[in-house]
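The structure appears right after this line, and notes come after that.
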Ligand code: PMP
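In the working numbering, the protein residues as written are 54 to 417.
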């Protein structure tokens, strides 16, 4: 374990060490089956037990009501940018997008192909550093749903509470890719929640969709079979070969999160870590800066810049020398970004802030 780095990557991202060690111990021969999970039939009793346990543990973690289906799919959150409108609307239906960062913008652009998508608010002019007060957002009463990205991974902007949809169907849809299972969520407020697994709950290749069952079965005729929620719900995510190994890994992570005491406990740890990092930035007398409005700063992705921007490359290089990697900001915004998902231990953030203070002392 000594050779592992502090991995601040935005995703694929750090996974819990005990989960990796467990997967390692089960890799060659899963629980006496004589096979690795990668070699199993997805319809056999062993894999059935794996996917069923993963689903039931996720249901416990998020307290998912029985009227919601849980789907384990492929194609990443990006595929859901199309699947959501294809499943929920006719081509002529208006739909509202509240855009607080570049992922919400991508979702909107994809949706335009399949419905009459409209941006009801965009933070672009302010470089995606804010979330509006919901009263200021003029929603279309005829919109089929209101879409948000609960946590913008690149810009570090996170909804702390959720807008109430003013549309007739009352539907709110959320991309929760980068804060999935980082805190409790009242699932009943949403029509659909979707998330790529590769930040908080597993490897890339698994996409989780939580969808209210009464919304299933209305997909547009042109919907590819692989994007139709009804097909996947009717077949318990086994219509075709699912990403079996990835689902197994997600299951191990869900077990670990339950063992930690569930999402309330996980949220406490995440708040602690984020507060330590933001405090270090804010107390640096401007040496470090975080552009995001304080009330909506993400607990997961912490973007920051250096007042002396010419030192940023040096910062990243020195950090990497001390085994803190992937701190470079997204190519579209520059600066630095520390992603501190569930599996980033407090010790990792402590090491980063100690380095930041030392770097400042040497370069101020
Ligand atoms: N939404 C958000 C919030 C993301 O962070 C990402 C990935 N970084 C995506 C969507 C796209 O996910 P995928 O790569 O799984 O398609």
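The C-beta atom is built at its ideal place from N, Cα and C for all residues, glycine as well.
Under the three-state DSSP convention, the category residue i falls into
i, result
"residue 196", "coil"
"residue 191", "coil"
"residue 353", "coil"
"residue 101", "helix"
"residue 253", "coil"
"residue 202", "strand"
"residue 247", "strand"
"residue 115", "helix"
"residue 173", "strand"
"residue 132", "helix"
"residue 126", "strand"
"residue 139", "helix"
"residue 239", "coil"
"residue 224", "coil"
"residue 67", "coil"
"residue 91", "helix"
"residue 54", "With a pLDDT of only 49 at residue 54, under 50, the local geometry of the prediction cannot be trusted, and no value is derived from it."
Sub-8 Å separation of residue i and residue j beta-carbons
i, j, result
"residue 125", "residue 290", "yes"
"residue 164", "residue 134", "yes"
"residue 155", "residue 385", "yes"
"residue 361", "residue 64", "no"
"residue 351", "residue 210", "yes"
"residue 146", "residue 221", "no"
"residue 137", "residue 171", "no"
"residue 325", "residue 395", "no"
"residue 168", "residue 378", "no"
"residue 303", "residue 259", "yes"
"residue 283", "residue 120", "no"
"residue 368", "residue 412", "yes"
"residue 229", "residue 246", "yes"
"residue 182", "residue 345", "yes"
Limits of the unbroken beta strand (DSSP E) element including residue i
i, result
"residue 147", "147–152"
"residue 80", "Residue 80 -> not in any beta strand (DSSP E); alpha helix (DSSP H) instead, spanning 70–80."
Counterpart residues of residue i in DSSP-defined beta bridges
i, result
"residue 393", "Answer is none; residue 393 lacks a bridge partner."
"residue 377", "59"
"residue 211", "204"
"residue 265", "121"
"residue 359", "341"
"residue 182", "Answer is none; residue 182 lacks a bridge partner."
Limits of the alpha helix (DSSP H) - the one that residue i falls within
i, result
"residue 406", "399–416"
"residue 156", "155–164"
What alpha helix (DSSP H) runs, 4 residues minimum, are completely inside the stretch 274–352? 282–287, 297–312, 316–335
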